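Data block below; observations after.
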Amino acid sequence: MRKYVEDLDFRGEEHINEWTPWSPQDIRRKKGVLEAARMMLNSALTAPVAGGVPSTEGHLVYGQEELESVARKIEELAYTNKVWKEAFLYEAVMVRDSDVIIFLGNTRCHETPLDAGCGLCGGGLDCSNFYEKKTHKYGLVDITDRSSPRHINGPLCTARVGDLGYAVGSALWTACTLMVDARPFASVGMAGQKMGYCPKSGMVVGVPVAAKSKNPYVDVNVDYHLINMEKVLDNTRKVYGTARIIRGFDYRKWIPKPKAVGKEEEE
Amino acid sequence: MGHLFGKEYSLEHVVDVAKSIVLAIHKAPQITGKTRIEAEILWGEDLVPVIEVMEQTGRAFRYVQWDYETIKRCHDKGESPVIVAIGAAASLSNLGWNCGSCGFDTCKEYNEFANGVGSGLLGGPSCNWKVLDWAIACDWACAAAWQYRVDNRIMGSVGAALGFLGYLPGSSVKLGLALGPPRDLVYYSREDVHKVLTYEMDKMDLLNSVPAMFAGFPGGGNPAYKTKDDWWAPPENVKFWMDPAPLEIVQDALFEKIPLIVAKYSGEIEARYKK
């Protein structure tokens, strides 16, 4: 039997703590989340789909620069639609507070529909609602022109979009089972799609994942893009330094003490 | 003190499991946070109208036929499946996202198109983001069922029947999660369909659905298809034509037979929602 060197020396210790961010102990924690995210993605691939047709692709994204890029793309999108602005700005903060992002996309909804005449997209008894708005020859959709004035180049096969929902649902179910925090976001998905994640997909949903003492995706305050943990900490850094210098002393010679109650009167 | 045993107790408990599954449906996370989800539970004799409608749609669509045969045969044996009906109000968008995934530039344009339309087998038209929310809820229903180790399958066939009969009146899209009876492999490798399935049917379904599998040498431009053991004597070829027979079956099922079934049951079903 072959023995691996690491098997012969199976021992060690791992200190894990979310504080301070991006420290070795925090990165070890993030690696645990990455393992959970991998299992979530596997769950997404086993989700029920119409006709048992494979149509889900996934992308795992992690790292400080990578998450910051996604957050900035969401902020960019926020300013393209008044309705999105505040929610998307909040969600960009959540992305920065995440450990891993799972992007899940459906590779068929824009190109190879279910062709079952289910009616979900247009309400009819055939697939004409989809094909009449697509460039195609005898039902083979030409997706080579990827330019679109819209955020998502619809129409899409809604049955396939439903399959994407199943994939997202299964990923989220596994997150619950593994007790990591996760939520599905349109903003994260659209940003990811524009950045090239899930490159073969017509629609993408982003599922940020985290394992922290406070779930990043719930219980936010107003103006969350202005008042959040990162900003609070930065503001503490901003004011505390100044607070120290306005009243300095040589601690080796004298340290101010609180007045003892009644002592002054006796003296 | 107590002593529970036998098939009846197990079957009844599937209804309790269905109730727990409905909790999971409503707990499922949403992307929009604005999609109204409905769920109902049907079993026993209340499945009869659903089974009757599925019999008709099953004439037109093989996948419905298998679901129909499975549910009907379980029901007839006294092992009623329990159906969790899951719907959502997805036809109109109140999001204002103007994302374009529906094919319109704005939600306003889409809503103008979608208002009053809607005759698809599974419902529609739909806002794709609301369908995503609904699908996540359906997926959580399936996942919850697996957690209880109850055989289950989410079915468009049942959803279409629910739509015809007027169940889930507030929903524009509907699916049915069939649960139980409590044994292994009810809806996968379906034993209850053994008596219906013939070798010839299976072979013809494959020939019709995956013709490339049976194609001979294509170099001549008109390949022979291996439809029999001695496929070369004489060879048979593929020909495309408009076959009116399947369309006639669809027409008869959807517009002749099913309206009669709906007329028989819809009054009673509608009355339940007025209570």
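Chains as they are written, first to last, in numbering that gives the first Met the number 0: chain X, 0 to 266; chain U, 0 to 274.
All residues carry an ideal CB built from backbone N, CA and C; glycine is no exception.
Bear in mind the structure is a predicted one, so any value in this text is a computation, not a measurement.
- Between residue 213 (chain X) and the set X:239, X:163, X:180, X:242, the nearest pair of CA atoms involves X:180.
- Residue 207 (chain X): not part of any alpha helix (DSSP H); member of the beta strand (DSSP E) spanning 202 to 209, first to last residue.
- With a threshold of 16 other beta carbon atoms within 10 Å, residue 245 (chain X) falls short and is exposed.
- In terms of beta-carbon proximity, residue 155 (chain U) lines the interface with chain X, with at least one pair separated by less than 8 Å.
- Interface with chain X (8 Å Cβ-Cβ cutoff): residue 125 (chain U) is included.
- Restricted to the segment 139 to 222 of chain U, the alpha helix (DSSP H) segments that are unbroken, complete and at least 4 residues in length are 155 to 164, 198 to 208, listed in chain order.
- Between the alpha carbons of residue 108 (chain X) and residue 274 (chain U) lies a distance of about 41 Å.
- Among the CB atoms of chain U, none fall inside 8 Å of the CB of residue 127 (chain X).
- Looking at the DSSP output, residue 224 (chain U) bridges to U:214, U:235.
- Below the 8 Å Cβ cutoff, chain U contributes 100, 127 as neighbours of residue 202 (chain X), in chain order.
- Distances from the alpha-carbon of residue 168 (chain X) to those of U:132, U:198, U:155 put U:132 closest.
- With respect to residue 252 (chain U), residue 55 (chain U) sits close: the two C-beta atoms are nearer than 8 Å.
- Residue 235 (chain X): member of the alpha helix (DSSP H) spanning 228 to 244, first to last residue.
- In this structure, residue 43 (chain X) sits near residue 57 (chain X), with a CB-CB distance shorter than 8 Å.
- Using a Cβ-Cβ cut-off of 7 Å, residue 153 (chain X) is close to 99, 100, 101, 102 of chain U, given in chain order.
- Judged by beta-carbon spacing, residue 47 (chain X) lies within the 8 Å limit of residue 141 (chain U), meaning their Cβ atoms are closer than that value.
- Note that the segment 68 to 80 of chain X touches the segment 184 to 199 of chain X; at least 3 beta-carbon pairs, one per stretch, sit closer than 8 Å.
- In this structure, the straight-line span from the alpha carbon of residue 159 (chain X) to that of residue 20 (chain U) is close to 24 Å.
- Residue 119 (chain X) is a Cβ neighbour of residue 157 (chain X), given a cutoff of 8 Å.
- Taking a Cβ-Cβ threshold of 8 Å, the residues of chain X close to residue 135 (chain U) are 164, 165, 167, 168, 171, 183, in chain order.
- Here residue 32 (chain X) is near residue 208 (chain X), since their CB atoms are less than 8 Å apart.
- Shown here, residue 59 (chain X) sits in a strand according to DSSP, grouped into three states.
- Where residue 34 (chain X) is concerned, the enclosing alpha helix (DSSP H) starts and stops at 23 to 45.
- Excluding five sequence positions before and after residue 196 (chain X), the CB atoms of its chain that fall closer than 6 Å to its own CB belong to 58, 102, given in chain order.
- Contact annotation for residue 130 (chain U) against chain X: 119, 157, 160, 161, 164 [CB-CB distance below 8 Å, chain order].
- Contact residues of the segment 79 to 93 of chain X toward chain U are 80, 82, 83 (C-beta to C-beta distance below 8 Å).
- In the DSSP annotation of this structure, residue 11 (chain X) is not part of any beta strand (DSSP E), being labelled neither H nor E.
- When U:1, U:9, U:3, U:2 are compared, the shortest CA-CA separation from residue 147 (chain U) is found for U:9.
- Taken through DSSP and simplified to helix, strand or coil, residue 105 (chain X) comes out as strand.
- At least one CB of chain X lies nearer than 8 Å to the CB of residue 118 (chain U).
- Contact between residue 80 (chain U) and residue 264 (chain U) does not hold, since their C-beta atoms are separated by about 18 Å, which reaches or exceeds 8 Å.
- Following the DSSP letters along the chain, one finds residue 82 (chain X) in no alpha helix (DSSP H), marked with neither H nor E.
- The alpha carbon of residue 248 (chain U) has as its nearest neighbour, out of U:130, U:2, U:51, U:60, the alpha carbon of U:60.
- The alpha-carbon of residue 165 (chain X) is positioned some 53 Å away from that of residue 241 (chain X).
- In this structure, the beta-carbon distance from residue 235 (chain U) to residue 223 (chain U) falls below 8 Å.
- Using a Cβ-Cβ distance cut-off of 8 Å, the segment 245 to 256 of chain X and the segment 147 to 159 of chain U are not in contact, since fewer than three pairs of beta carbons, one from each stretch, lie closer than that value.
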